[in-house]
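*Asks:*
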Amino acid sequence: KRNNKSLSCKKIYIQMNTDFLTPIHTVLEASLDVLLSGSIGSSIQIYTQKNGFPDLNNIEIAILGVDEDRNTDDNFGSGKDLHHIRSHFYKLFPGNWNVPIADLGNIKKGESTSDTHFAITEVIKSLLKMNIIPIIIGGGQDITFSNYKAYDQLEQTVNLVVVDSKFDLGNLEDKLSSKSYLSKIIMEVPTNLFNFSNIGYQTYLNPQEEIKLIQGLNFDTYRLAEAKELEILEPVLRDADIVSIDIGSVRQSDAPANKNVSPNGFYGDEICGIARYAGISDKVSSFGIYEYNSEFDNHNLTAHLIAQMIWCFIEGFNSRVKDYPFATKEDYQKFTVMLENDDPINFYKSNKTGRWWMEINLIQHNKYKRRALIPCTYQDYIETTNQMIPDRWFKAQSKMI
128 KRNNKSLSCK
138 KIYIQMNTDF
148 LTPIHTVLEA
158 SLDVLLSGSI
168 GSSIQIYTQK
178 NGFPDLNNIE
188 IAILGVDEDR
198 NTDDNFGSGK
208 DLHHIRSHFY
218 KLFPGNWNVP
228 IADLGNIKKG
238 ESTSDTHFAI
248 TEVIKSLLKM
258 NIIPIIIGGG
268 QDITFSNYKA
278 YDQLEQTVNL
288 VVVDSKFDLG
298 NLEDKLSSKS
308 YLSKIIMEVP
318 TNLFNFSNIG
328 YQTYLNPQEE
338 IKLIQGLNFD
348 TYRLAEAKEL
358 EILEPVLRDA
368 DIVSIDIGSV
378 RQSDAPANKN
388 VSPNGFYGDE
398 ICGIARYAGI
408 SDKVSSFGIY
418 EYNSEFDNHN
428 LTAHLIAQMI
438 WCFIEGFNSR
448 VKDYPFATKE
458 DYQKFTVMLE
468 NDDPINFYKS
478 NKTGRWWMEI
488 NLIQHNKYKR
498 RALIPCTYQD
508 YIETTNQMIP
518 DRWFKAQSKM
528 I
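The sequence shown stops at residue 528 when you use the working numbering, and every number in between is there.
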């Protein structure tokens, strides 16, 4: 089995190498020899002109740059100079972890944007098949659509979490862009999207009709002020498959490298906290940071922040305990809350982490078919004991019917 896996991996990464990817910048390659011993850049596998494409056997996380900015709106240049991010990341030191990491270089810019998007989907699809988590940097947030398409082969529903000050719905007739990608995902047929969550939207940057539409679809939305209470975001990220971050969701003082940057947004430590929660999630299998534009980056401040976000994601990944789905019932405490005018709701608490889930009934033809678990908080449990059913229960139940 080991030999078969090795041959399969070799076939996949040779195709990625020859067809879609280019090595890291030559200037960055030249600096690898002077990195301090023990730094991340001295201990990971890197696609360089000199050493060639890395061996992906046993790799768990792969960094993937995207040299594409033609679908960005008012932020052209977002696929360039990704070596600034890598330079800062390579200089960092790992935490108390030994996660096998590879840097696969950059997706080539195709003759057309559709060529680039096809390459992105194919590379991510290949990585998912090998159980490797891609960390995507560079390009516009429209790349989220290509990331989503890579999950078609999994034949399962997908939960998408986006950290952004805007919803980026656009109009149905709009071409794919960083300002319309979400409508393309929602309207994709057949759809694999089960849930969409926005973290950090700012009301004055979004039309009221878009806010009402998103909420009317029972998607989850968290305004910036609410999202700054990071603890409430943990269940949202715990249930995500794809996490997509627009670096423009960070305030200008902490991340100026975006033409559409705002004076309001997350602080640097807050966005790093979100990245860590994404890494801790047992479900998250791809993670992207988009809309970085080096032209506006004062002293490479944003590049440094993105490097730290990647570090925090990996730190979280190292802390995964795989307490969902259930291993054995003995690993959980079950709490049943009796409701006055409805069926009881079951809650489960992990003995490993103290994290909570609540049980949702999957209904077909007015009969219970089976049950599913969704992440929740201790506060959701307390609300239910006070006969107040949490909003996340109602939203999840509406999608299950």
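For glycine and all other residues, C-beta sits at the position ideal for the given N, C-alpha and C.
The structure presented is a predicted model; accordingly, all values stated were derived computationally and were not measured.
When we look at the beta-carbon of E457 and count the other beta-carbons within 10 Å, is it buried (16 or more) or exposed?
*Replies:* exposed
*Asks:* Let me check understanding here. Comparing Cα to Cα, which of I516, E510, D424 and K461 lies closest to K207?
*Replies:* D424
*Asks:* Sorted by chain position, which residues of the same chain lie with C-beta nearer than 8 Å to S80's C-beta, five sequence neighbours on each side aside?
*Replies:* Only positions 128 to 528 of the chain appear in this structure, which leaves residue 80 out of reach.
*Asks:* Using 10 angstroms around the beta-carbon of G265, count the other beta-carbons present and answer buried if the total reaches 16, otherwise exposed.
*Replies:* buried
*Asks:* Nearest to N468 by CA position, among T511, A405 and H431, is which residue?
*Replies:* T511
*Asks:* Please work out which residues of its chain come closer than 8 Å, Cβ to Cβ, to E353, disregarding the five sequence neighbours upstream and downstream, and give them in chain order.
*Replies:* I359
*Asks:* Count the other CB atoms within 10 Å of the CB of P362; is the residue buried (16 or more) or exposed (fewer)?
*Replies:* Classification for P362: buried.
*Asks:* So, for T175: in the same chain, excluding its five sequence neighbours on each side, which residues have a beta-carbon less than 7 Å away from its beta-carbon?
*Replies:* P150, I151 and E156
*Asks:* Short check: CB of N488 to CB of W224, under 8 Å?
*Replies:* No.
*Asks:* In the region 262-296, which residue ranges form an unbroken alpha helix (DSSP H) of at least 4 residues, counting only runs that do not cross its ends?
*Replies:* Annotation: the region 262-296 contains the following complete segments of the alpha helix (DSSP H) (minimum length 4 residues), in chain order: 270-276.
*Asks:* Is the distance from the Cβ of I247 to the Cβ of S205 below 8 Å?
*Replies:* no
*Asks:* When DSSP builds the beta bridges, which residues end up paired with E486?
*Replies:* L500
*Asks:* Would N325 and D201 qualify as a contact pair, given that the criterion is a beta-carbon distance under 8 Å?
*Replies:* no
*Asks:* With DSSP run on the structure shown, which of helix, strand or coil describes Q172?
*Replies:* strand
*Asks:* Using 8 Å as the Cβ pair cut-off and three pairs as the minimum, do the region 434-441 and the region 469-479 touch?
*Replies:* no
*Asks:* Do P227 and I186 come within 8 Å of each other at the CB atom, strictly closer than that value?
*Replies:* yes
*Asks:* Using the Cβ count rule (16 or more neighbours within 10 Å means buried), how would you classify V154?
*Replies:* exposed
*Asks:* Give me, in chain order, the residues of the same chain whose beta-carbon lies closer than 8 Å to that of Y394; leave out the 5 immediate sequence neighbours on both sides.
*Replies:* Correct list, in chain order: V377, R378 and D381.
*Asks:* Between V285, A405 and H210, which lies nearest to N427 when the distance is taken from Cα to Cα?
*Replies:* H210
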